[in-house]
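S.K.: Each residue of the sequence shown is one higher than the last, beginning at 568 in my numbering.
We treat Cβ as the ideally placed atom computed from N, Cα and C, and that holds for glycine.
A quick note: this is a predicted structure, and the numbers were derived from the prediction, not measured.
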Amino acid sequence: MRKLLLSCFAALSLVCTSIAAAQPVEGQNYIKLATPVSTQAPDKIEVVELFWYGCQYCYQLEPSLDTWQKELPEDVNFVRVPAMFGGIWDLHAQLFYTLEALGVTEQVHNDIFSALHNRTHRLATAGEISNFVAQRDIDKESFDKAWNSFAVKSQLQKAKRLAIAYQVTGVPSLVVEGKYRFDIGSAGGIPQTLEVADFLIEQERATP
């Protein structure tokens, strides 16, 4: 009987050790930023995704991320921020914020990913982008006006500042509460990326 109890205890200890080991580890699965970045909604836990429409890993992450963010509780605020490393990256960031300004991001967001990664469009010029969104029931005149608006330019400047503050060098990258940054590589895969996000959300929720 004593041997059986010891075996059960050993097995239970092994399970507990495995569970503990499965928890994300700071410095390995995510890093803590030396200087926290202010969040948009101080009363909520913020999760920021930095992405680029042309990034294949962003494209692969998007379906899981889209489902995940739609199921987030009320105390979590999810924000997409396009990364800007010059050239077509900046052009696509301008596209994203123009759609945001018009309130039609969700209407076209997935179509943009599909068009680029299925090679049906390059979206490499402002003219091509304008024609592309017009084919998706978005008023071309309104889009062209918003494209060069002060509001969109302001958002682009803000995105640049955030990427620098987050010390982002690649995409997709996620940042929780302006404190913790991680990506698919550090997390260990797409499912693990969202698990790390959930872990850090819970950690912030438990912080006094």
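Under the rule that 16 or more other beta-carbon atoms within 10 Å means buried, what is Gly621, buried or exposed?
M.R.: buried
S.K.: What do you get for Ala754, buried or exposed, if any count of 16 or more other CB atoms within 10 angstroms of its CB means buried?
M.R.: buried
S.K.: Could you tell me which whole beta strand (DSSP E) segments of length 3 or greater appear in the segment 658-743?
M.R.: 740-743
S.K.: Excluding five sequence neighbours on each side, which residues of the same chain lie with their C-beta closer than 8 Å to the C-beta of Gln607?
M.R.: Excluding positions up to five away in sequence, the list reads Glu613, Asn644 and Val646.
S.K.: Going by DSSP, what residue range makes up the alpha helix (DSSP H) through Tyr626?
M.R.: Gln623 to Lys637
S.K.: List the residues that DSSP assigns as beta-bridge partners of Val643.
M.R.: Ile612
S.K.: Can you round the beta-carbon distance between Pro739 and Phe618 to whole angstroms, since I take them to be within the 8 Å contact cut?
M.R.: 5 Å
S.K.: Can you round the beta-carbon distance between Ala668 and Ser716 to whole angstroms, since I take them to be within the 8 Å contact cut?
M.R.: With 8 Å as the limit, Ala668 and Ser716 qualify as a contact, their Cβ atoms being about 6 Å apart.
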